[in-house]
Each structure stands twice: as structure tokens, then as C-alpha cells.
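-10 is the number of the first residue of the sequence shown in our numbering; add one for each residue after it.
In what follows, a structure is listed as C-alpha cells, so that the remarks can point back to it.
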Amino acid sequence: MNAAATTTAVLSGLDRARSSMEDFYRHLHQHPELSHQETTTAAEVVDRLKGDGYDVTSGVGGTGVIGVLRNGDGPTVLLRADMDALPVQEETGLPYASTITATDSQGATVPVMHACGHDVHVSTLLTAAALLAAGQDRWQGGLVVLFQPAEEVGDGAQGMVQDGLATIVGKVDVALAQHVLPLPAGVVGTRNGAVLSAADSMRITLHGRGAHGSMPQAAVDPVVLASMIVVRLQTVISREVAPTEPAVLTVGSIHSGSKSNVIGDQAVLELNIRTYDEQTRAGILAAIRRVVVAECEASAAPAPPEFEMFDRFPTTTNDSDTTGKVAAAFSDHFGDRAIELPLQSASEDFSDIPTALGVPYTYWGIGGIDPTSYRTAAAAGRVAQDIPVNHSPHFAPVLQPTLDTGTQALVVAALAFLSAN
Ligand code: ZN
Ligand code: ZN
């Protein structure tokens, strides 16, 4: 049987699976869970995978779930979905909108919403897993379906890696993942090379010397020092990074002082850095330290600055052969709905998984926006203003064709690597 016939045969079950997939999606959307708290979602994933005949390991890296299906000789494909939601108050007005609150890691009560669309990822991967299991006489090889916690905080994938991922999954040849994006529903977008940025957050504590506001000669003013650093940091991207290399350096937070006539003794800056290339990333991080240390010396700071890195995400750089194979399979299946995905400024921790396993990967986008409203906004040049993006309280992927497309994309991509029977 050729690849297209195999795909058609495996996807023939989608018509029967559709309404239960939609019900499950609405249920998940109404019951979102914060990063590292995905216990109910994980339990439901476990039940379904077991029902489909997968060998299931749960509790990996906290709430992670791995299903393995060995089906004769052939390559093994890993498909990954993330499960967590965000502390966002949903304002979509959908009949299945979330009204859930939860306690976050700081002990605060927060609203919870699937504002990034990870409920789309879980629903479509479960459906694809079921279809591939039901159609296993059509293909040969191995299938690993991985449901990851805590993508939004950047450490869920790493947690699974450290909790024995490689041993649990065994031999894997390629890893694949997708994300619902503010593109027209029905569209699938692949991109070779860099696709998502690396993100680094840095907290810098600057030490000054406090004094009366009327006696600056007795002080090392941390407000002036911090201000000099903020201005000087603007030259890191504009003067030290090639204009062909996209990068962002934002000082998102600055705190110092308590009163107009008191010179405080410290300032804390929080920076966010986005890059698409490891060398550029290392260069920028080194330049920040160089500038900050030198400015502290220039101000005669009484102690050296302290640096703390947090919320770090790796770059996502798609492998060329893997992406080519998936893009060709998408073109065959989706026709002109298969597009090239523009470079995305967001970040993901998916690549920690293939990196740890030493296997190539590709990560693609699927659209989630009603195609008619997208076209109307595009015609008026108002996509940026009118189309809610991921993490917005208004982010509301349309059920269809989003869910069908996400399921088809996973099945089509997996079968591009599995051996046809
Ligand atoms: Zn997100
Ligand atoms: Zn996301």
C-alpha cells in the first residue's frame, strides 16, 4: 500500500471519532490546570491511551504521561503535546469558557484558562493516537505519544528528561510537535531552520550605598547606576549584533528606592532576551554581564552585581530533512492549506526532548482562527488589532476545522516516517 492510501485508511476513523474529540476538547477547555498541576488532565490521558492499547507510564517529571506502541520493525516516531494552562481570566464568552480558579506556586488564588490552546494539542494528539492504534495493520514501527506538563514555565520537558524519559521511550528516530496559532483554521505551516526564539530572563541586583537625599556625596546612587545600565544595554542589540540576526533585549522591570529624599542601597533589574541562534544568545548574555560589571565599577559600587537566570527556553531549530519530509506530506494531504510558517518570536521547551534523545525534530503551526474573520481582518489590514493571539483572555480557537486539521497533521506527519504495510 502506498503512503497516501495508508494515510487515507488510518484517517478514515476520524468521522467516527470527531464528536467525542469535540466533547473532550470542550471538557478540557472548561477544566484547565496550571503548570505542574495537570493531574486530572493527565489521568484522563492515561485512561484513553490504555483504552487504545498503549503501554503507559505516568507521573514522569511530575504529571507527564508517555504512551508507547510497538508495532513491528521500522522507525519510531515521538509525538508531543503540552497540557498546561495559564493564570488568565477567560473573556471569550464561549458556552464552554473556564470559570476555574487555582492556587499558584506563590500561594495566590488565580483564574485559569487554556489561553495558549494546549487543550487543542491534547485533544488532537489523543485522537491521532487512537486512529494510529486502530489502524496499526497499515503501518510498522514504533509510536511514542508524550504529554508534557509545564511548558508555560519552561521546565516541563526538562523535568521529564531528568525523570528517565530516554529509558521509558527506548529507541526513537524522530520527534514531532505542533502548536495552534493565530492563523486561519485549516492551515498548517512548516518552517525549516529557526522557528521559535530562545528566551532568557535575567535578574540583576545592583549594590549602591544609601544616604540622605541631600548628601549625594556620601552615596553610590543605585537609581543613577541602574539608569546608566538600562541606557547602555540598548546598544547591545543595536551595536553588537548583526542587523541580519533577529534579537530582542527588554528591561521589563526596574525597582529601587522608597522615598524622594532617601538614596537607597540597591536596585533590581529584570531583563528578557530573545534570540534564534546559540552564538548570538551567548554573545548577548556575555555583553550584558560586561556592561553591568563595568557600569558598577564606573559608579564605584561597594559590591559587585549579582546575576540570576530564570524562565529559560531553548531555541527551536527545525531539522532540514525532517521538515522537508513533513512539508511534502502536508502538501500532498492539505494542498494549498500547507504553507510556510513565518518566524515566530514565542519560545517553547519542546526541543529539550529531542535534544536529550539526540534525535532530529520539526515543530509546525496549525491555524485556530475562524477563516472568515481572519480574511476580513486581513483585508482591512487589522490582523494585529482584531485577531486575539495566544495568551489573550479572548483567544478562542474555533472547534473546526482546527481539531480535524491538528489530528490529520499529526497522523500525516507520523506516517511520513513509519513504514507502510
Ligand atoms: Zn503559551
Ligand atoms: Zn503554548
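Cβ coordinates follow ideal geometry from the N, Cα and C atoms, glycine included.
Between the options, which lies nearest to residue i when the distance is taken from Cα to Cα?
{"i": "Leu58", "options": "Val45, Gly51, His383", "result": "Val45"}
{"i": "Ala188", "options": "Ala276, His196, Val237, Ala155", "result": "Val237"}
{"i": "Asp62", "options": "Phe323, Asp126, Pro232", "result": "Asp126"}
{"i": "Pro303", "options": "Ala74, Gly395, His20, Leu185", "result": "Leu185"}
{"i": "Val378", "options": "Val142, Thr98, Leu0, His168", "result": "His168"}
{"i": "Leu132", "options": "Met149, Leu38, Thr28", "result": "Leu38"}
{"i": "Ala207", "options": "Ala215, Val213, Arg198, Leu214", "result": "Arg198"}
{"i": "Val213", "options": "Asn250, Ser245, Val315, Glu337", "result": "Ser245"}
{"i": "Val111", "options": "Asn60, Val176, Gln151, Thr29", "result": "Thr29"}
{"i": "Leu392", "options": "Met10, Ala(-7), Ala(-8), Ala(-6)", "result": "Met10"}
{"i": "His18", "options": "His103, Ser47, Pro84", "result": "His103"}
{"i": "Asp375", "options": "Met298, Leu399, Asp359, His16", "result": "Asp359"}
{"i": "Ala215", "options": "His25, Leu258, Ala231", "result": "Leu258"}
{"i": "Gln443", "options": "Pro343, Gly50, His25, Ala74", "result": "The displayed coordinates of the chain run from -10 to 410. Any statement about residue 443 would go beyond what the structure contains."}
{"i": "Thr116", "options": "Pro294, Ala369, Ser8, Ser288", "result": "Ser8"}
{"i": "Gly202", "options": "Pro232, Lys160, Ile252, Met217", "result": "Ile252"}
{"i": "Thr179", "options": "Val34, Asp108, Asn307", "result": "Asn307"}
{"i": "Leu285", "options": "Gln255, Thr305, Phe299", "result": "The residue asked about is misnamed: residue 285 is Cys in this sequence, not Leu. When each option's Cα is compared against that of Cys285, the closest is Gln255."}
{"i": "Arg301", "options": "Thr311, Asp12, Ala335", "result": "Ala335"}
{"i": "Pro291", "options": "His196, Leu114, Gln78", "result": "His196"}
{"i": "Asp338", "options": "Asn60, Asp73, Ala32", "result": "Asp73"}
{"i": "Gln397", "options": "Ser381, Ala327, Ala367", "result": "Ala327"}
{"i": "Asn261", "options": "Thr312, Leu83, Gln223, His20", "result": "Gln223"}
{"i": "Thr52", "options": "Gly106, His16, Phe136", "result": "Phe136"}
Return the chain-ordered list of same chain residues with a C-beta closer than 7 Å to the C-beta of residue i, the five sequence neighbours on each side being excluded.
{"i": "Asp41", "result": "Ala118, Ala119, Ala122"}
{"i": "Thr81", "result": "His383, Ala385"}
{"i": "Phe296", "result": "Met191, Ile193, Arg278"}
{"i": "Pro76", "result": "Leu23, Asp93, Val99, Pro100, Val101"}
{"i": "Ala(-2)", "result": "Gly124, Arg127"}
Need the endpoints of the alpha helix (DSSP H) that residue i sits in, please.
{"i": "His107", "result": "107 to 123"}
{"i": "Ile157", "result": "154 to 158"}
{"i": "Gly40", "result": "28 to 40"}
{"i": "Val282", "result": "267 to 287"}
{"i": "Arg228", "result": "211 to 229"}
{"i": "Val142", "result": "Note, Val142: premise wrong, no alpha helix (DSSP H); not H, not E."}
{"i": "Val(-1)", "result": "-8 to 0"}
{"i": "Ala6", "result": "3 to 19"}
{"i": "Val372", "result": "372 to 375"}
{"i": "Leu388", "result": "Here Leu388 belongs to no alpha helix (DSSP H), and DSSP marks it neither H nor E."}
{"i": "Asp162", "result": "Note, Asp162: premise wrong, no alpha helix (DSSP H); not H, not E."}
{"i": "Pro343", "result": "341 to 346"}
Just to confirm the assignment, what range does the beta strand (DSSP E) spanning residue i have?
{"i": "Tyr352", "result": "350 to 358"}
{"i": "Ser309", "result": "Where Ser309 is concerned, there is no enclosing beta strand (DSSP E), although the alpha helix (DSSP H) it sits in stretches over 309 to 323."}
{"i": "Gly51", "result": "Counting along the chain, Gly51 falls outside any beta strand (DSSP E), and DSSP gives it neither H nor E."}
Per the DSSP calculation, residue i is bridged to which residue(s)?
{"i": "Ile243", "result": "Leu258"}
{"i": "Pro100", "result": "Thr90"}
{"i": "Ile252", "result": "Ala200"}
{"i": "Phe299", "result": "Ser190"}
{"i": "Asn60", "result": "Gly130"}
{"i": "Val177", "result": "Ala327, Ile355"}
{"i": "Asp71", "result": "Gln137"}
{"i": "Leu23", "result": "Ala74"}
{"i": "Asp44", "result": "Val57"}
{"i": "Val184", "result": "Bridge partners of Val184: none, in fact."}
{"i": "Gln167", "result": "Trp353"}
{"i": "Ser334", "result": "According to DSSP, which records beta bridges pairwise, Ser334 is partnered with nothing at all."}
{"i": "Thr306", "result": "Ala183"}
Once you ignore the five residues that flank residue i on each side, which residues in its own chain have a CB closer than 8 Å to its CB?
{"i": "Ser309", "result": "Asn181, Gly182"}
{"i": "Val225", "result": "Leu238, Ile273, Ala276, Ile277, Val280"}
{"i": "Asn(-9)", "result": "Ala409"}
By Cβ distance, which residues of its chain are closer than 6 Å to residue i, with the 5 residues on each side in sequence left out?
{"i": "Thr394", "result": "Gly175, Ile355"}
{"i": "Ala6", "result": "Thr116"}
Evaluate contact between the region 177 to 191 and the region 269 to 283, counting only Cβ atoms and requiring at least three cross-stretch pairs below 8 Å. yes
Give a yes or no on contact between the region 162 to 178 and the region 84 to 92, applying the rule of three or more CB pairs nearer than 8 Å. no
Should the region 314 to 332 be called in touch with the region 129 to 146, which here means at least 3 C-beta pairs below 8 Å? no
Count the CB pairs spanning the region 67 to 81 and the region 1 to 16 that are closer than 8 Å, and state whether there are at least three. no
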